[in-house]
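The block underneath contains the structure these notes are about, expressed in C-alpha coordinates.
In my numbering, the protein residues as written are 0 to 321.
If you want it as C-alpha coordinates, here you go:
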(Lines of atoms letter the chains of each structure in order from A and count residues from 1; the text may use other names and numbers.)
(Lines give C-alpha, C1' and ligand atoms only; values in the text may rest on other atoms or scores of the structure.)
Protein backbone atom coordinates (compact mmCIF):
# COMPACT_ATOMS: atom_id res chain seq x y z
CA UNK A 1 0.00 0.00 0.00
CA UNK A 2 1.75 3.12 -1.20
CA UNK A 3 1.72 6.36 0.79
CA UNK A 4 1.70 9.83 -0.75
CA UNK A 5 3.46 12.80 0.85
CA UNK A 6 1.36 14.46 3.50
CA UNK A 7 0.53 18.19 3.29
CA UNK A 8 -0.06 20.82 5.92
CA UNK A 9 -3.62 20.97 7.13
CA UNK A 10 -4.24 17.37 6.15
CA UNK A 11 -4.32 15.89 9.64
CA UNK A 12 -7.04 13.31 10.29
CA UNK A 13 -8.25 11.11 13.08
CA UNK A 14 -10.36 8.02 12.59
CA UNK A 15 -12.49 7.19 15.62
CA UNK A 16 -12.89 3.41 15.90
CA UNK A 17 -10.61 0.52 15.05
CA UNK A 18 -12.86 -2.20 13.67
CA UNK A 19 -12.48 -3.27 10.06
CA UNK A 20 -14.35 -0.13 8.91
CA UNK A 21 -11.99 2.16 10.82
CA UNK A 22 -8.81 0.36 9.76
CA UNK A 23 -9.76 0.28 6.06
CA UNK A 24 -10.70 3.97 6.24
CA UNK A 25 -7.43 4.93 7.91
CA UNK A 26 -5.35 3.06 5.33
CA UNK A 27 -7.17 4.62 2.38
CA UNK A 28 -6.85 8.13 3.87
CA UNK A 29 -3.13 7.57 4.43
CA UNK A 30 -2.71 6.49 0.83
CA UNK A 31 -4.50 9.68 -0.22
CA UNK A 32 -1.94 11.82 1.62
CA UNK A 33 -3.56 12.41 5.00
CA UNK A 34 -1.57 12.27 8.21
CA UNK A 35 -3.78 9.85 10.13
CA UNK A 36 -4.21 8.57 13.67
CA UNK A 37 -6.73 5.98 14.81
CA UNK A 38 -8.33 6.53 18.20
CA UNK A 39 -10.00 3.52 19.78
CA UNK A 40 -11.58 2.84 23.13
CA UNK A 41 -11.14 -0.92 22.76
CA UNK A 42 -8.28 -3.16 21.79
CA UNK A 43 -8.77 -3.82 18.04
CA UNK A 44 -8.84 -7.54 18.86
CA UNK A 45 -11.88 -6.97 21.10
CA UNK A 46 -14.11 -5.06 18.69
CA UNK A 47 -17.26 -6.35 17.01
CA UNK A 48 -15.12 -6.95 13.91
CA UNK A 49 -13.04 -9.40 15.94
CA UNK A 50 -16.18 -11.43 16.71
CA UNK A 51 -17.45 -11.71 13.14
CA UNK A 52 -17.85 -14.84 11.04
CA UNK A 53 -16.39 -12.64 8.29
CA UNK A 54 -17.53 -14.02 4.98
CA UNK A 55 -18.22 -11.67 2.05
CA UNK A 56 -22.02 -11.55 2.14
CA UNK A 57 -24.19 -8.41 2.34
CA UNK A 58 -26.29 -8.73 5.50
CA UNK A 59 -28.33 -6.21 7.50
CA UNK A 60 -27.14 -3.20 5.52
CA UNK A 61 -29.02 -0.68 3.37
CA UNK A 62 -29.55 1.03 0.96
CA UNK A 63 -29.06 -1.73 -1.55
CA UNK A 64 -27.73 0.37 -4.42
CA UNK A 65 -24.93 1.79 -2.26
CA UNK A 66 -24.25 -1.57 -0.57
CA UNK A 67 -23.96 -3.16 -4.00
CA UNK A 68 -21.35 -0.62 -5.07
CA UNK A 69 -19.37 -0.81 -1.82
CA UNK A 70 -19.51 -4.60 -1.88
CA UNK A 71 -18.13 -4.79 -5.42
CA UNK A 72 -15.15 -2.65 -4.47
CA UNK A 73 -14.50 -4.66 -1.32
CA UNK A 74 -14.76 -7.96 -3.20
CA UNK A 75 -11.97 -6.84 -5.53
CA UNK A 76 -9.75 -5.71 -2.65
CA UNK A 77 -10.26 -8.92 -0.66
CA UNK A 78 -9.59 -11.02 -3.77
CA UNK A 79 -6.23 -9.25 -4.06
CA UNK A 80 -5.53 -9.87 -0.37
CA UNK A 81 -6.26 -13.57 -0.92
CA UNK A 82 -3.19 -13.75 -3.14
CA UNK A 83 -1.01 -12.87 -0.14
CA UNK A 84 -0.12 -15.72 2.20
CA UNK A 85 -0.16 -13.64 5.38
CA UNK A 86 -3.34 -11.56 4.92
CA UNK A 87 -5.74 -14.13 6.38
CA UNK A 88 -8.08 -14.01 3.37
CA UNK A 89 -8.97 -16.89 1.06
CA UNK A 90 -11.40 -17.44 -1.80
CA UNK A 91 -13.93 -20.21 -1.12
CA UNK A 92 -17.03 -21.67 -2.63
CA UNK A 93 -20.14 -20.88 -0.60
CA UNK A 94 -23.41 -22.77 -0.90
CA UNK A 95 -26.55 -20.93 0.11
CA UNK A 96 -29.68 -23.01 0.70
CA UNK A 97 -33.36 -22.06 0.58
CA UNK A 98 -36.53 -23.58 2.00
CA UNK A 99 -38.39 -22.66 -1.20
CA UNK A 100 -37.43 -21.64 -4.71
CA UNK A 101 -34.19 -19.64 -4.78
CA UNK A 102 -34.94 -15.89 -4.83
CA UNK A 103 -33.28 -13.39 -7.09
CA UNK A 104 -30.05 -12.57 -5.27
CA UNK A 105 -29.69 -8.80 -5.58
CA UNK A 106 -26.09 -8.84 -4.33
CA UNK A 107 -24.94 -11.12 -7.15
CA UNK A 108 -24.29 -8.09 -9.37
CA UNK A 109 -21.38 -7.14 -7.11
CA UNK A 110 -19.50 -10.31 -8.10
CA UNK A 111 -17.38 -10.81 -11.21
CA UNK A 112 -19.30 -12.78 -13.85
CA UNK A 113 -17.22 -15.92 -13.29
CA UNK A 114 -17.98 -15.96 -9.56
CA UNK A 115 -21.70 -15.21 -9.59
CA UNK A 116 -24.16 -17.69 -8.06
CA UNK A 117 -25.23 -20.71 -10.09
CA UNK A 118 -27.86 -23.27 -9.18
CA UNK A 119 -26.59 -26.49 -7.59
CA UNK A 120 -28.08 -29.59 -6.01
CA UNK A 121 -30.01 -28.79 -2.84
CA UNK A 122 -29.14 -30.87 0.24
CA UNK A 123 -31.85 -32.91 1.92
CA UNK A 124 -34.42 -30.74 3.64
CA UNK A 125 -34.06 -27.76 1.28
CA UNK A 126 -35.82 -26.89 -1.95
CA UNK A 127 -33.05 -25.00 -3.73
CA UNK A 128 -29.39 -24.03 -3.47
CA UNK A 129 -26.86 -21.84 -5.25
CA UNK A 130 -23.08 -21.83 -5.28
CA UNK A 131 -20.81 -18.77 -5.56
CA UNK A 132 -17.14 -17.96 -5.00
CA UNK A 133 -16.48 -15.31 -2.36
CA UNK A 134 -13.73 -14.07 -0.01
CA UNK A 135 -13.58 -15.55 3.48
CA UNK A 136 -11.63 -13.87 6.27
CA UNK A 137 -9.74 -15.64 9.06
CA UNK A 138 -10.50 -12.88 11.56
CA UNK A 139 -7.59 -13.10 14.06
CA UNK A 140 -4.99 -13.37 11.29
CA UNK A 141 -6.55 -10.61 9.20
CA UNK A 142 -6.87 -8.13 12.07
CA UNK A 143 -3.21 -8.68 12.96
CA UNK A 144 -2.34 -8.16 9.29
CA UNK A 145 -4.30 -4.90 9.12
CA UNK A 146 -2.60 -3.66 12.29
CA UNK A 147 0.78 -4.40 10.73
CA UNK A 148 -0.34 -2.54 7.59
CA UNK A 149 -1.23 0.48 9.73
CA UNK A 150 2.17 0.32 11.40
CA UNK A 151 3.98 0.13 8.05
CA UNK A 152 1.96 3.12 6.83
CA UNK A 153 2.94 5.14 9.94
CA UNK A 154 -0.65 5.28 11.22
CA UNK A 155 -0.58 5.18 15.04
CA UNK A 156 -3.37 3.33 16.86
CA UNK A 157 -4.04 5.22 20.08
CA UNK A 158 -6.09 3.78 22.93
CA UNK A 159 -8.25 6.75 23.84
CA UNK A 160 -11.77 7.29 25.10
CA UNK A 161 -13.63 9.80 22.92
CA UNK A 162 -16.39 11.41 24.95
CA UNK A 163 -17.49 13.75 22.15
CA UNK A 164 -16.60 14.18 18.50
CA UNK A 165 -15.95 17.86 19.23
CA UNK A 166 -12.86 16.78 21.20
CA UNK A 167 -11.46 15.11 18.10
CA UNK A 168 -12.41 18.06 15.87
CA UNK A 169 -10.46 20.41 18.14
CA UNK A 170 -7.37 18.28 17.54
CA UNK A 171 -7.59 17.48 13.80
CA UNK A 172 -8.80 19.05 10.56
CA UNK A 173 -10.65 15.87 9.52
CA UNK A 174 -12.48 13.44 11.81
CA UNK A 175 -14.04 10.23 10.52
CA UNK A 176 -16.56 8.61 12.83
CA UNK A 177 -16.18 4.84 12.47
CA UNK A 178 -17.31 4.13 16.03
CA UNK A 179 -19.88 1.48 15.12
CA UNK A 180 -22.44 1.09 17.88
CA UNK A 181 -20.52 3.69 19.88
CA UNK A 182 -21.86 6.33 17.48
CA UNK A 183 -25.19 6.01 19.27
CA UNK A 184 -23.78 8.06 22.14
CA UNK A 185 -21.28 10.14 20.16
CA UNK A 186 -23.95 11.38 17.74
CA UNK A 187 -27.11 10.89 19.76
CA UNK A 188 -28.22 8.55 16.96
CA UNK A 189 -31.14 6.68 18.47
CA UNK A 190 -31.88 4.95 15.19
CA UNK A 191 -28.71 2.91 15.67
CA UNK A 192 -29.34 -0.31 17.54
CA UNK A 193 -27.48 -3.55 18.34
CA UNK A 194 -28.12 -6.88 16.66
CA UNK A 195 -26.28 -9.45 18.77
CA UNK A 196 -24.23 -12.10 17.01
CA UNK A 197 -22.66 -15.19 18.57
CA UNK A 198 -20.40 -17.64 16.73
CA UNK A 199 -18.43 -20.71 17.76
CA UNK A 200 -14.89 -21.61 16.76
CA UNK A 201 -14.81 -25.42 16.55
CA UNK A 202 -12.22 -28.10 15.96
CA UNK A 203 -12.20 -31.90 16.10
CA UNK A 204 -14.29 -32.29 12.96
CA UNK A 205 -13.50 -32.61 9.31
CA UNK A 206 -14.89 -29.28 8.20
CA UNK A 207 -16.67 -28.93 4.89
CA UNK A 208 -14.66 -27.83 1.88
CA UNK A 209 -17.29 -25.17 1.11
CA UNK A 210 -18.79 -22.47 3.25
CA UNK A 211 -22.52 -22.90 3.85
CA UNK A 212 -25.27 -20.38 4.59
CA UNK A 213 -28.93 -20.83 5.51
CA UNK A 214 -30.64 -17.49 6.04
CA UNK A 215 -34.19 -18.85 5.81
CA UNK A 216 -34.70 -19.73 9.48
CA UNK A 217 -35.42 -17.48 12.46
CA UNK A 218 -31.69 -17.31 13.16
CA UNK A 219 -28.94 -17.36 10.51
CA UNK A 220 -27.03 -20.64 10.21
CA UNK A 221 -23.61 -20.89 8.59
CA UNK A 222 -20.40 -22.89 8.52
CA UNK A 223 -17.21 -21.13 7.48
CA UNK A 224 -14.25 -23.51 7.16
CA UNK A 225 -10.76 -22.46 8.16
CA UNK A 226 -7.50 -24.36 8.59
CA UNK A 227 -7.93 -26.82 11.45
CA UNK A 228 -11.64 -26.20 12.01
CA UNK A 229 -14.50 -23.86 11.27
CA UNK A 230 -16.48 -20.89 12.51
CA UNK A 231 -20.14 -21.79 12.92
CA UNK A 232 -23.08 -19.60 13.78
CA UNK A 233 -25.05 -17.84 14.56
CA UNK A 234 -27.54 -15.43 16.08
CA UNK A 235 -29.19 -12.16 15.02
CA UNK A 236 -30.84 -10.97 18.23
CA UNK A 237 -32.35 -7.52 17.82
CA UNK A 238 -31.86 -4.90 20.56
CA UNK A 239 -29.85 -7.40 22.60
CA UNK A 240 -26.79 -5.85 24.25
CA UNK A 241 -25.42 -8.94 26.00
CA UNK A 242 -21.69 -9.22 25.32
CA UNK A 243 -21.10 -12.46 27.19
CA UNK A 244 -21.42 -15.89 25.53
CA UNK A 245 -24.71 -17.67 26.11
CA UNK A 246 -24.45 -21.46 26.54
CA UNK A 247 -28.03 -21.95 25.36
CA UNK A 248 -27.26 -20.05 22.16
CA UNK A 249 -24.20 -22.22 21.61
CA UNK A 250 -26.24 -25.39 22.04
CA UNK A 251 -28.96 -24.14 19.67
CA UNK A 252 -26.37 -23.17 17.04
CA UNK A 253 -24.88 -26.67 17.01
CA UNK A 254 -28.26 -28.39 17.13
CA UNK A 255 -29.51 -26.29 14.22
CA UNK A 256 -26.55 -27.27 12.07
CA UNK A 257 -26.19 -30.94 12.93
CA UNK A 258 -28.91 -32.09 10.50
CA UNK A 259 -26.88 -30.68 7.60
CA UNK A 260 -23.48 -31.39 9.16
CA UNK A 261 -23.69 -34.48 11.42
CA UNK A 262 -19.95 -34.27 12.04
CA UNK A 263 -20.53 -31.16 14.14
CA UNK A 264 -22.08 -33.36 16.83
CA UNK A 265 -18.52 -34.25 17.85
CA UNK A 266 -17.14 -30.74 17.56
CA UNK A 267 -14.87 -29.32 20.21
CA UNK A 268 -15.76 -25.71 20.92
CA UNK A 269 -12.45 -23.85 21.16
CA UNK A 270 -13.90 -20.40 21.58
CA UNK A 271 -17.06 -18.32 21.48
CA UNK A 272 -17.21 -14.85 19.95
CA UNK A 273 -19.93 -12.30 20.67
CA UNK A 274 -20.35 -8.99 18.86
CA UNK A 275 -23.03 -6.33 18.59
CA UNK A 276 -23.70 -5.47 14.95
CA UNK A 277 -24.37 -1.72 14.52
CA UNK A 278 -27.65 -1.60 12.57
CA UNK A 279 -29.70 1.32 11.30
CA UNK A 280 -32.16 1.66 8.42
CA UNK A 281 -29.36 3.00 6.20
CA UNK A 282 -25.60 3.13 6.56
CA UNK A 283 -24.63 6.64 7.56
CA UNK A 284 -21.88 7.78 5.20
CA UNK A 285 -21.98 11.55 4.90
CA UNK A 286 -19.95 14.73 5.30
CA UNK A 287 -20.54 17.71 7.56
CA UNK A 288 -18.63 21.01 7.56
CA UNK A 289 -17.83 22.17 11.09
CA UNK A 290 -16.69 25.50 12.57
CA UNK A 291 -13.23 26.58 11.51
CA UNK A 292 -13.50 24.73 8.21
CA UNK A 293 -13.00 21.36 9.89
CA UNK A 294 -14.68 18.33 8.37
CA UNK A 295 -16.58 15.47 10.01
CA UNK A 296 -17.40 12.36 8.01
CA UNK A 297 -19.69 9.70 9.46
CA UNK A 298 -19.07 6.10 8.41
CA UNK A 299 -21.11 3.74 10.58
CA UNK A 300 -24.24 1.59 10.73
CA UNK A 301 -22.99 -1.26 8.51
CA UNK A 302 -24.97 -3.96 10.32
CA UNK A 303 -23.55 -7.40 9.56
CA UNK A 304 -21.68 -6.25 6.42
CA UNK A 305 -18.53 -4.68 7.80
CA UNK A 306 -16.12 -7.04 6.04
CA UNK A 307 -18.28 -6.89 2.90
CA UNK A 308 -18.39 -3.12 2.40
CA UNK A 309 -15.37 -1.74 4.31
CA UNK A 310 -13.10 -0.88 1.39
CA UNK A 311 -15.87 0.56 -0.77
CA UNK A 312 -16.97 2.79 2.10
CA UNK A 313 -13.36 3.81 2.73
CA UNK A 314 -13.04 5.02 -0.87
CA UNK A 315 -16.17 7.12 -0.44
CA UNK A 316 -14.73 8.61 2.75
CA UNK A 317 -11.65 9.74 0.81
CA UNK A 318 -13.88 11.40 -1.78
CA UNK A 319 -15.91 13.15 0.92
CA UNK A 320 -12.75 14.28 2.71
CA UNK A 321 -11.62 15.96 -0.49
CA UNK A 322 -14.92 17.80 -0.62
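Where is the CB? At the ideal position from N, CA and C, for every residue including glycine.
Scanning the region 81 to 131 from its first residue to its last, the whole beta strand (DSSP E) runs of 3-plus residues come out as 87 to 96 and 116 to 118. Bounds of the alpha helix (DSSP H) holding residue 73 are 62 to 79. Following the DSSP letters along the chain, one finds residue 39 in no beta strand (DSSP E), marked with neither H nor E.
For residue 199, the enclosing beta strand (DSSP E) has its first and last residue at 191 to 201. A direct Cα-to-Cα measurement between residue 292 and residue 76 gives close to 32 Å. In the three-state reduction of the DSSP assignment, residue 269 falls in the strand class, which pools E and B. Around the Cβ of residue 232, a 10 Å sphere holds 16 or more other Cβ atoms; the residue is buried. Here residue 33 has 5, 9, 10 and 11 as same chain residues with Cβ atoms under 8 Å from its own Cβ, once five neighbours each way along the sequence are excluded. The residues 51, 197, 199 and 222, in chain order, have a CB closer than 6 Å to that of residue 229 in the same chain once the five nearest residues on each side in sequence are set aside. The alpha-carbon of residue 289 is positioned some 16 Å away from that of residue 296.
Burial of residue 282 is indicated by the presence of at least 16 other C-beta atoms within 10 angstroms of its C-beta. Non-local beta-carbon contacts of residue 156 in its own chain, meaning distances under 8 Å to residues more than five positions away in sequence, involve 35, 36, 37 and 38 in chain order. Across the set 187, 28 and 58, the C-alpha of 28 shows the shortest separation from the C-alpha of residue 319. Every unbroken stretch of the alpha helix (DSSP H) spanning 4 or more residues and falling wholly within the region 233 to 318 is given here in chain order: 245 to 256. If you draw a straight line from the Cα of residue 216 to the Cα of residue 21, it is about 32 Å long. According to the DSSP assignment, residue 172 belongs to the beta strand (DSSP E) that extends over 172 to 175. DSSP lists 212 as the bridge partner or partners of residue 219. Going by beta carbons, residue 279 and residue 60 fall inside the 8 Å limit.
Here DSSP, grouped into helix, strand and coil, assigns residue 35 to strand. Contact between residue 58 and residue 107 does not hold, since their C-beta atoms are separated by about 19 Å, which reaches or exceeds 8 Å.
Under the Cβ criterion (8 Å, minimum of three pairs), the region 135 to 143 does not count as touching the region 260 to 269. Each residue's CA atom was taken as its position, placing residue 177 and residue 190 some 11 Å apart. About 5 Å separates the beta carbon of residue 96 from that of residue 126, a gap short enough to meet the 8 Å contact definition. In summary, residue 174 is buried, with 16 or more beta-carbon neighbours lying within 10 Å of its beta-carbon over all protein chains present.
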